[in-house]
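Residue numbers (our numbering): 3 to 70.
Backbone N, C-alpha and C define an ideal beta-carbon position, used for all residues, glycine too.
Below you'll find the structure, written out as structure tokens, and then a few comments.
Here's what the structure looks like:
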């Protein structure tokens, strides 16, 4: 199956899943480093948001806009 045939919701779900994993890992690493729980949650959320934006940009670059 060609990657261009996958629906956008599949890509969005995959990106969200990977971003959640990265966010949790960042929060756990920050908490293990001695930060408080609220600070670790903020860092995990920041990692989630940054990784989501990065992967969405990469997906648009690789897959392109199908409606052009």
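The continuous alpha helix (DSSP H) containing residue 40 extends over residues 39-65. Between residue 9 and residue 55, the alpha-carbon positions lie close to 19 Å from each other. In this model, residue 25 and residue 48 are separated by some 7 Å (Cα to Cα). Between residue 21 and residue 50, the gap from beta carbon to beta carbon is short of 7 Å.
Assignment of residue 25 by DSSP, reduced to helix, strand and coil, places it in the helix class. The criterion of a C-beta distance shorter than 7 Å is satisfied by residue 46 and residue 28.
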